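J.: For the sequence shown, position 61 matches number 61 in UniProt numbering, and the numbering has no gaps at all. Got a structure for you, written out below as structure tokens; questions coming shortly.
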Amino acid sequence: MDTGKTSDFPADWEVITAERHAALRATLDLAATRHALTRRKLAEAGLTRADLVTPADLARLPVTTKAELMERPADAVLDLDGAELPEEQRVVWDTMYTTGSSSGRPTPFVSTTSDFWDILVVQRRMLEIRGVTQGDRIANLFPLTRHPHGAFIRVLHAAAALHIPVVSALPGNPGPGFTVGQELDAVVATLARARPTILWGVPSYMRRVVARAGELGVALPDIRLVFVTGEGLSEEGRGDLLARLAAIGAPDARVSISYGMTEIQGGLVECAAGQGLHNPHPEAIAIDVVDPITHAPLPDGEEGLILLSHMRRRGTLLLRYAVGDLGVRSTARCPHCGRVTERILGTPRRADDLTKIRGMLVNPALALAAVEGVAAVRDFRFEISRSGALGMDEFMLTVVAEPGAAPEGLLAQRVKDAIGVTPRVTLVERIEGESWKAKRWLDQRGG
1 MDTGKTSDFP
11 ADWEVITAER
21 HAALRATLDL
31 AATRHALTRR
41 KLAEAGLTRA
51 DLVTPADLAR
61 LPVTTKAELM
71 ERPADAVLDL
81 DGAELPEEQR
91 VVWDTMYTTG
101 SSSGRPTPFV
111 STTSDFWDIL
121 VVQRRMLEIR
131 GVTQGDRIAN
141 LFPLTRHPHG
151 AFIRVLHAAA
161 ALHIPVVSAL
171 PGNPGPGFTV
181 GQELDAVVAT
191 LARARPTILW
201 GVPSYMRRVV
211 ARAGELGVAL
221 PDIRLVFVTG
231 EGLSEEGRGD
241 LLARLAAIGA
251 PDARVSISYG
261 MTEIQGGLVE
271 CAAGQGLHNP
281 HPEAIAIDVV
291 DPITHAPLPD
301 GEEGLILLSH
311 MRRRGTLLLR
321 YAVGDLGVRS
331 TARCPHCGRV
341 TERILGTPRR
351 ADDLTKIRGM
361 LVNPALALAA
371 VEGVAAVRDF
381 RFEISRSGAL
391 GMDEFMLTVV
401 AEPGAAPEGL
411 LAQRVKDAIG
421 VTPRVTLVER
431 IEGESWKAKR
441 WLDQRGG
């Protein structure tokens, strides 16, 4: 068991429950009169403020969906005008945005100064759960985006919270007025110069960086941790990335996955592979799993819809918010690191992730895993469209391969074995995209 757990991490559920109860009492007092979303949910359920006494009583509130938040994000922000609260609870510190939606409009997420102080705790604990020490150095491989997004800026805040150095490579170019971004080779040169012990970014770009370092003959032997978030990463993908790291002089590196959420400005993280995704701030953030249809709470070990509730936010506040994924929760003490908190076991999956292709019901995650496990693949994207008068499904796999590789036949067979449908595989030099997250599965069929 890891004995280096965070010194201020709650000792047990008795402590966590007491802190949640005290924090939520004050939050609900404000929300009942100053939070349009909570007022609407109370009215929908026929409840009053007096009906909600403990954190367990939140189960009486209707679930809030992403669609509701995207449609009326201002309703989720506490109106603290004239409230007799400390200044740090009333001043807006920053506004981050989701990475987008089906409407193309990112959703704002507002944090006050006191919320930001909690974000610093979240980020510090994320690092400590992952085994970061004050001897580490972080390389931030997230790009800047047109809308402020937590991925880039929170890496800087994480380093500040643990008082360790960070270098930002600033990959890419979000717009014509941006003049300080770097192309891939320059990013690799930055890593060679900075000698980081930690790489932090999205898996698809991490794969490109490590592969290019290998091509250029650049060794990065100081790397011991690789943090990935923003995209799913299968165990096949983790193994491929570890093999690529070994090839550039980092055979003992460990890949740590984060279940990132804009709604906590951080993520649930692994202390070790296979030990679950830990909630880093259980006093202030509650994670529940409920029946996807009835929204009734489920016991540990049963898969259901993942909900998030804020205990003490003063900017954007969400109670029983459905993050859109299905997962399995454990509240038992982690057998590896010894921390007591909610953990999501295994890999969460989208609640709506099954789709039909040519009449076959398929799970996109299985197709992605089939390709991620092929070392000859540097980047890829699946696309589904309709063609011809009959609207037949076209299933395509576009691939950026390693130099000299020709994996088309292998990939077509692996995908067919995984989901029962054979894609048409095409090799390209580059896959274009506007988002900092790679769109690995693109369904263009509409309705």
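Backbone N, C-alpha and C define an ideal beta-carbon position, used for all residues, glycine too. Owing to the predicted nature of the structure, the values given are computational and were not obtained by experimental measurement.
(1) Nearest-angstrom Cα distance between Arg207 and Arg244?
(2) Tell me which same chain residues have a C-beta within less than 8 Å of the C-beta of residue 459, skipping the five on either side of it?
(3) Tell me the rounded alpha-carbon separation between Ile293 and Gly274.
(4) Would Leu317 and Ala76 qualify as a contact pair, given that the criterion is a beta-carbon distance under 8 Å?
(5) Under three-state DSSP, which class holds Ala367?
(6) Can you confirm whether the stretch 78-85 touches the stretch 226-242 when touching is taken to mean that 3 or more C-beta pairs between the two stretches lie within less than 8 Å?
(7) Where do the ends of the alpha helix (DSSP H) carrying Lys356 lie?
(8) Of the choices Glu408, Gly267, Met311 and Gly420, whose alpha-carbon is the least far from that of Ala22?
(9) Take the Cβ of Asp291 as the centre, count every other Cβ of all protein chains shown within 10 Å, and call the residue buried at 16 or more, exposed below.
(10) Would you decide whether Thr426 is buried or exposed? Buried here means 16 or more other CB atoms lie within 10 Å of its CB.
(11) Going along the chain, which residues of its own chain have a beta-carbon closer than 8 Å to the beta-carbon of Leu361, five neighbours each way excluded?
(12) Taking only three categories from DSSP, how would you classify Asp240?
(13) Any idea which residues DSSP pairs Thr64 with across the strands?
(14) With distances taken Cα to Cα, identify the nearest neighbour of Ser114 among Ala406, Arg313 and Leu78.
(15) When the Cα atoms are used, what is the spatial distance from Thr262 to Lys416?
(16) Around the Cβ of Gln265, are there at least 16 other Cβ atoms within 10 angstroms (buried) or fewer (exposed)?
(17) Excluding five sequence neighbours on each side, which residues of the same chain lie with their C-beta closer than 7 Å to the C-beta of residue 448?
(18) Whose C-beta lies closer than 6 Å to the C-beta of Asp12 among residues of the same chain, with five residues either side of it excluded?
(19) Can you tell me whether DSSP reads Pro176 as helix, strand or coil?
(20) Helix, strand or coil: which one does DSSP assign to Ser234?
(21) Please confirm if the stretch 156-164 is in contact with the stretch 172-187, defined as three or more CB-CB distances below 8 Å between the two stretches.
(22) Note down, in chain order, each residue of its chain lying with its Cβ closer than 7 Å to the Cβ of Arg146, except the 5 sequence neighbours on either side.
(23) Going by the beta-carbon positions, is the gap between Thr98 and Gly232 smaller than 8 Å?
(24) If distances are taken between C-alpha atoms only, which option among Pro165, Pro203, Leu144 and Thr197 comes closest to Gly177?
(25) Go through its chain and collect everything with a Cβ distance to Leu37's Cβ below 7 Å, but skip five positions before and after it.
(26) Can you tell me whether Arg430 is buried or exposed? The criterion is at least 16 other CB atoms within 10 Å of its CB, across all chains shown.
(27) Specify the secondary structure class of Met311 as computed by DSSP and reduced to three states.
(28) In the structure shown, what three-state DSSP assignment does Gln182 receive?
(29) List the whole-angstrom C-beta distance separating Asp288 from Leu307, where the pair is believed to meet the contact cut-off of C-beta under 8 Å.
T.: This is what the structure gives:
(1) Start at 1 with the first residue of the sequence shown, and residue 207 comes out as number 207. Start at 1 with the first residue of the sequence shown, and residue 244 comes out as number 244. Using only the alpha carbons, I get a separation of about 8 Å.
(2) Residue numbering for the chain in the displayed model covers 1 to 447; residue 459 lies beyond these limits and cannot be assessed.
(3) As a working mapping, residue 293 is identified with position 293 in the sequence shown. As a working mapping, residue 274 is identified with position 274 in the sequence shown. Each residue's Cα considered, the two are about 28 Å apart.
(4) By 1-based counting over the sequence shown, the position of residue 317 is 317. By 1-based counting over the sequence shown, the position of residue 76 is 76. For Leu317 and Ala76, yes; Cβs fall inside 8 Å.
(5) Counted from its first residue, the sequence shown places residue 367 at position 367. In the structure shown, Ala367 sits in a helix (DSSP, three-state: H, G or I).
(6) no
(7) Stepping through the sequence shown from its first residue, residue 356 is reached at position 356. No alpha helix (DSSP H) contains Lys356, which is instead part of the beta strand (DSSP E) from Thr355 to Ile357.
(8) Residue numbering aside, residue 22 sits at position 22 when the sequence shown is read from its first letter. Comparing Cα positions, the closest option is Met311.
(9) Translated into positions along the sequence shown, residue 291 becomes position 291. Its Cβ having fewer than 16 others within 10 Å, Asp291 is exposed.
(10) The count along the sequence shown starts at 1 and reaches residue 426 at position 426. Under this definition Thr426 is an exposed residue.
(11) By one-based count along the sequence shown, residue 361 stands at place 361. Only Leu354 and Thr355 meet the Cβ criterion.
(12) On the sequence shown, residue 240 is found 240 positions in, with the first residue counted as 1. Reduced to three states, the DSSP call for Asp240 is helix.
(13) Reading the sequence shown from its first residue, position 64 is the one you call residue 64. Tyr321.
(14) The sequence position of residue 114 within the sequence shown is 114, counting from 1. Cα-wise, what sits closest to Ser114 is Arg313.
(15) Numbered from its first residue, the sequence shown carries residue 262 at position 262. Numbered from its first residue, the sequence shown carries residue 416 at position 416. Those two C-alpha atoms are separated by around 35 Å.
(16) To locate residue 265, count along the sequence shown from 1; it is residue 265. Flag for Gln265 reads buried.
(17) Here the chain covers residues 1 to 447 and nothing more, so residue 448 does not appear.
(18) Along the sequence shown, read from residue 1 onward, the residue named residue 12 stands at position 12. Excluding residues within five positions, the ones whose Cβ falls inside 6 Å are Val340.
(19) Counted from its first residue, the sequence shown places residue 176 at position 176. The answer is coil: DSSP assigns Pro176 none of H, G, I, E or B.
(20) For the purposes of this step, residue 234 is taken as the residue at position 234 of the sequence shown. Coil at Ser234, not helix or strand.
(21) no
(22) Here residue 146 is taken as the residue at index 146 of the sequence shown, counted from 1. Closer than 7 Å at the Cβ level, and outside the excluded window around Arg146, lie Pro174 and Gly175.
(23) Counting from one through the sequence shown, the residue named residue 98 turns up at place 98. Counting from one through the sequence shown, the residue named residue 232 turns up at place 232. No. Outside cutoff.
(24) Along the sequence shown, read from residue 1 onward, the residue named residue 177 stands at position 177. Checked all of Pro165, Pro203, Leu144 and Thr197; the closest Cα to Gly177 is Leu144.
(25) For this step, residue 37 is matched to residue 37 along the sequence shown. Within the same chain, Leu37 has close Cβ partners Thr64, Asp75 and Ala76.
(26) Here residue 430 refers to the residue found at position 430 when the sequence shown is read from its first residue. The residue is exposed, with fewer than 16 neighbouring Cβ atoms inside 10 Å.
(27) Position 311 of the sequence shown holds residue 311. The answer is coil: DSSP assigns Met311 none of H, G, I, E or B.
(28) Walking along the sequence shown from the start, residue 182 turns up at place 182. Gln182: strand per DSSP, three-state reduction.
(29) Against the sequence shown, residue 288 aligns to sequence position 288. Against the sequence shown, residue 307 aligns to sequence position 307. 4 Å between Cβ atoms; contact.
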